[in-house]
Structures are given as structure tokens and as C-alpha cells.
Amino acid sequence: MALSDHQKQVFSDFLSGDRLPFADIYEAISEQLLLLIFKARHLYTLADYRHWFEEQHRVLTALQAQSAKINEIFKSDNYVVGAEEEKEAPLMNALAFMNPLYDGFDKGNVSLKTWGEMNHPPEQRRGVYQHQITLREQFIRDDLFAILTSCQTGCPAIPTEMRQGYCHQDLSIAHSHGNLLLEKLDNYFSIDRVAILSETVFLLIADYRQKHSALPQWLAPFAEISGGLAFRGIRESYDYKTIKQHLEKQGCEPFIDSVIAQESEHDAQRILNVYIGVYATDIHHWLFDILQYLKTPQTTPYRWKFTTISPDKTQKDEEKKEHESIDWDREFCQITIDRHNLLELIQSNTLYDAVLTLADRLLHIYRPQAEQALQNKDNVASLTENEQKIHNSNSFLFPESNRRSYEENVGKVQIFEAWYQRNKVLLISKNIKRTEKITVAERIAGLKSYDLKMGIPSGSKMKVKDGVYDTAKNYSFVRLPDKLSKISLQRYHSKAKAIINTEIDTLLHAQQTKNAEFPFNGAAYAIKPLWAKCEYTLNTGNE
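Numbered per this note's numbering, the sequence shown spans residues 942 to 1484.
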């Protein structure tokens, strides 16, 4: 069926970039980052915790100064042809040793107590990594100890109830490197639609080649593309670069018009699905670039066991009727999970992901017999020895999930967008007459005005008359109109100050209360709110 005029417009809007597949994800992630930074600023205003932030800032800065030495410890020998030398990343290098210290705070330990545990690790097999392990142990024993003592560490952990579910690492990074997080957030606007469309074309060509099908007319400009394996990633391949150069030179619009003119509704939907899947994957890359500095979220571990069982032929029909059984009259697959684990999965909204993982494992074991049965429909596939083994879903023998795909990335983004729409608290303003939407740029501008005036994290305070608002406006990640008045900036600053001083705890409590009714997805690879990394009992006021 040919495309209707409306369908043509929708298709064109998506592929041209005029319509975003994920219109809410930028706001959703922005809100989580801003809530984290506002919470860190609030705790910093409290005398009981100010010194903790300053202490971690000193240690983190000192470790970054040792980045070159740390880089040598973890430097890998990469012999892959064409592999680029890894760039030194001072903050990531510092976090290699800060992460255990932050985890120690989450457990209630001071830095030096955690250092003692790091300095006496359990015995481990060294093998090819013996030299690296030795260098790491030496750094912990000598350099890290010197840093912790010279920085006069000793501050206790921030109490759980004061953190409201945030972990120490995220709060510390939000204090010391808030600008870096906001710069990474701003990279959302660098997502390249031409790159996405080019990868879409690459994948479609590869699919046609794999099926030994002729390319449709709208792919004729790329007839020389083989669509073969891309060993270093699709966007590093010669074929991809050729496609992208063509689209950049000729423009995307002629290509989109040719698709609209020639393809059916089914084909257009297929192209759009691939495009949106690639777009979602770019969203995940953008998000990882932010989250790499923060603690990995908690997940609920789970384990399924399953096997194939032959029925008990000796049991009489009368006994089966009298005693209900889960057994079947012929070979059956028995699947089990610990009941306590099952309840945990339900509580953390992780059950659906666990069931999908189980489906992957079942597919891996039973697919050969299913395919055999399809080829020879006259005979039932015989029971194999492998089927009768007891399989553990966490076994290393299973390959990586075949569901970690473009399609699944789409679902993860859409689920978090839906969660955000139900639970958002920061980017709205409820006045007497109506609820107004607040832009991310307004909140960031207010935050940076506050930081400059308070001297966070450097300690160098700045007066408003010395250009706080002009400086705040000039940050590359503050996307405000050029002609915005200082009165507007002053209003944004005042609101940020109010959020930090009096409102942030209430906002977090409101979001966590809403979450109790519409919970986030607890699956291992799902996008989660940043306040869900430490155990925290929410007081709903109903007790």
C-alpha cells in the first residue's frame, strides 16, 4: 500500500530531524542531573557536611594530579590493527582509586578505614596481570596513603537519611565536577542525524545483502556498498563513511524524497524502525558519557534453573487425578527460581527483564531441536543429553543476550520518558492560575549564577556587580537567548537559591512518593533515577 500524504509527512519529519523520536529524554535526564547537583549544593550549605565535600574535593584533585602515574598502572597493551592509543583521562584515572573510598562512605566508613581494607586485599591469582596488580598495590600503599594524610581526611560519612537515596560518589562529583556533567549533558545537541541516517542505510544494505536480495531503487546510489562486517564498529567502516559522504554532499532531502516516492507503507515503517533504533543507541552512548563518572546503579540479581524431565511412567492415572501435579504426560521443561528472589524482583520492578533473560537461555538450549522439528515435521525431535542437564541462567556458557539490540534500546528510552512524565517535579512551576513548564536552560542558568556567587567548588566567590550573570550566560552549556535581560537571570538565580536552600528535599520526596505509584524499571540495563543507588526508607507520612 502506498503512503498517504500524512504518512509521507511523518516519515519526512522524522528522517529530516524536524521531529524527534524521543522528545522528552533530554528533559528527563536533565532533571535527574539537576536534582543531584541541587542536592549536593544543599548539603554543602550545612555545616555538618561542608567539610566532607571539601575533603573529597582535595583528595580528588590530588589524585587527578597523579593521573599520568595512574595511567601507567592501567595502561593496556592493545595489539589490534589500527587501534588508537587511549587518551589520558585524569578524572577517570582518579576514580579508579576514589570509587572504593566512596563505597566505603556508603557503608559508613571514613577514608583511612577503607584505605586499610584496600591495602590488605584478599589473596588473588595474578597471572598475566601480576605486574599491574603490584603497581596498583604500591600506589595504594604509598601514594594514596600520602594523599589521604596530607589532605587531612577524617570526615564521617553523610547519614543515609540526609542523602535521600543518593550515594557519596555522585554527590561528590556533582560538587567538584558539576560543570563537566553539564557539558556532557549538552552533548545531546551534538547527536548527528546525518550519522544516524547513514548507519540506517548501512544496516538496510547489509540486510538486503545477507538475504541475497536486489537493492531497491532508492538505494541505487549505494550499489557499490558491500554491507559487510565492520570489525572496528560500523561508524569506523569504509562503507559507512562512503554513505555519509554521499548524504552530506547530496543532502538528505533528495534521499528521503526518493524513499517516499518509491516505497510502500510496510517498507517505510521498516526504514523508520531502523532509524529510530539507531537514534536510541546514540541516546544511550550520550547517556553513558555522562554516567561514566557516577556510581553504577543497584540491580536485583536473579538466577533461574531449568531442565528437561521425562514423565514418571509408573504413576497411575488414578493417582494423577487424586494428587494434582505440575508434571506433564510427556517430556516437559521444569523452571525454578528461589521464592525470596522472585519477591525481590517484583519489589524492584525487575521481573519482566528477568523473564526475558530466561527466554534467551531457553532459546539457546532448545532452538536446535525446534529447528530440527521444523525441517522434519514427520518426526518429533529426540530428547538430547544437553536438554536433560540442569542449566543455570547465570552460567558463563551462555552467550551475551541477543536482545541487547537497537529495538531494546528504543524500549529503554521510551520507558524512562514515560516514567519522567508521571514523576517530574523540577521543570514545572505551579502558580495559582496554571502549571507552567520551566526550561532546562533556566534551571542551569540559575544554578551557575549561584555557583559563581558562592564560589563552588573553587572557593573563589564572585559578586553580582562583578558580572555574575554575564559569566553564567557565557557558559557553552547555558542555552539562553542572546538578548535575555539581567532581570530574567536574576529571577532564575533567585529560584535556584530557593531550591537549594529550602525546596530540594521536598522535591525529592515528592518524586520518590510518585515513584511508589509508578516505579522506575529496575532491570539491569534500564535507565534509573540517580537517587536510587543507596538503600533509603521513604517516609510517606502514612505510618
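No residue lacks a Cβ here, since even glycine has one placed at the ideal position from N, Cα and C.
Distance between beta carbons of residue j and residue i, contact taken as under 8 Å
| i | j | result |
| --- | --- | --- |
| Trp-1056 | Leu-1089 | 6 Å |
| Ile-1014 | Glu-1358 | Actually they do not touch by this definition, with Cβ atoms about 40 Å apart. |
| Ile-1219 | Tyr-1347 | Correcting the residue type first, residue 1219 is Val in the shown sequence and not Ile. That pair is a contact at about 6 Å. |
| Phe-952 | Leu-1213 | 6 Å |
| Ser-1131 | Lys-1185 | Wrong, their Cβ atoms sit about 15 Å apart, outside the cutoff. |
| Ile-1441 | His-947 | Wrong, their Cβ atoms sit about 47 Å apart, outside the cutoff. |
| Gln-1203 | Trp-1159 | 5 Å |
| Gly-1168 | Ala-1147 | 4 Å |
Buried or exposed (CB count within 10 angstroms, at least 16 for buried), residue i
| i | result |
| --- | --- |
| Tyr-1020 | Since pLDDT at Tyr-1020 reaches only 44, below the 50 mark, its modelled position is unreliable, and the value read off the structure follows with that caveat. Tyr-1020 is exposed by the Cβ-count criterion. |
| Arg-1271 | exposed |
| Pro-996 | According to the sequence provided, residue 996 is Glu. The question's Pro does not apply to it. So Glu-996 ends up on the buried side. |
| Tyr-1243 | buried |
| Leu-976 | buried |
| Leu-1170 | exposed |
| Val-1321 | exposed |
| Val-1215 | buried |
| Lys-1469 | buried |
| Cys-1274 | exposed |
| Gly-1119 | buried |
| Ser-1052 | buried |
| Val-1022 | Note that Val-1022 scores a pLDDT of 47, beneath 50, so its modelled location is shaky; the value from the coordinates is reported in the next line. Val-1022 is exposed by the Cβ-count criterion. |
| Thr-1462 | Correcting the residue identity first, residue 1462 is Asn in this sequence and not Thr. Buried. |
| Asn-1040 | exposed |
| Asn-1060 | exposed |
| Phe-1459 | exposed |
| Asp-1047 | buried |
| Leu-1297 | exposed |
| Ile-1287 | exposed |
| Ala-1437 | buried |
| Asn-1034 | buried |
| Leu-1388 | buried |
| Gly-1095 | exposed |
| Arg-1173 | exposed |
For residue i, three-class secondary structure by DSSP
| i | result |
| --- | --- |
| Ser-1205 | strand |
| Glu-1377 | strand |
| Ala-1164 | coil |
| Ile-1132 | coil |
| Ile-1441 | helix |
| Pro-1470 | coil |
| Ile-1014 | helix |
| Ile-1306 | helix |
| Ser-927 | The question about residue 927 has no answer, for the chain in this structure spans 942 to 1484. |
| Ser-1323 | coil |
| Phe-994 | helix |
| Asn-1317 | coil |
| Asp-1392 | helix |
| Asn-1415 | coil |
| Cys-1092 | coil |
| Asp-1044 | helix |
| Lys-1125 | helix |
| His-1118 | coil |
| Pro-1031 | helix |
| Ala-1464 | coil |
| Val-1051 | coil |
| Ala-1382 | helix |
DSSP beta-bridge partners of residue i
| i | result |
| --- | --- |
| Glu-1348 | The partner list for Glu-1348 (beta bridge, DSSP) is empty, contrary to what the question assumes. |
| Phe-1247 | Ile-1276 and His-1332 |
| Ala-1006 | Ala-1006 is not bridged to any residue. |
| Ala-943 | Ser-1205 |
| Ser-1370 | Glu-1377 |
Contact set for residue i: own chain, Cβ-Cβ below 8 Å, skip 5 residues either direction
| i | result |
| --- | --- |
| Tyr-985 | Arg-991, Phe-994, His-1116 and Ile-1397 |
| Lys-1394 | Lys-1402, Met-1403, Lys-1404, Val-1405, Val-1409 and His-1434 |
| Ser-885 | With the chain covering only 942 through 1484, there is no way to say anything about residue 885. |
| Glu-968 | Tyr-1361, Lys-1365, Leu-1368 and Val-1381 |
Same chain, Cβ closer than 6 Å to residue i, neighbours up to 5 away in sequence not counted
| i | result |
| --- | --- |
| Gly-1049 | Ala-1098 |
| Arg-1134 | Gly-958 |
| Leu-1479 | Gln-1453 |
| Ala-1464 | Thr-1291 and Asp-1294 |
| Gln-1110 | Tyr-1043 and Lys-1236 |
| Ala-1221 | Asn-1350, Val-1351 and Val-1354 |
Residue i beta carbon near the ligand ATP (any heavy atom closer than 7 Å)
| i | result |
| --- | --- |
| Ala-1221 | Although the ligand ATP was asked about, the structure shown includes no ligands whatsoever. |
Chain-order list of residues whose beta-carbon lies under 7 Å from that of residue i (same chain, five-residue window excluded)
| i | result |
| --- | --- |
| Ile-1306 | Asn-1327, Glu-1328 and His-1332 |
| Arg-960 | Asp-954 |
| Gln-1093 | none |
| Ser-1178 | Ala-1171 |
| Lys-1378 | Leu-1368 and Ile-1369 |
| Glu-1194 | Ser-957 |
| Asp-1018 | Because the pLDDT at Asp-1018 is just 49, under 50, the model does not fix this residue reliably, and the point stays unresolved. |
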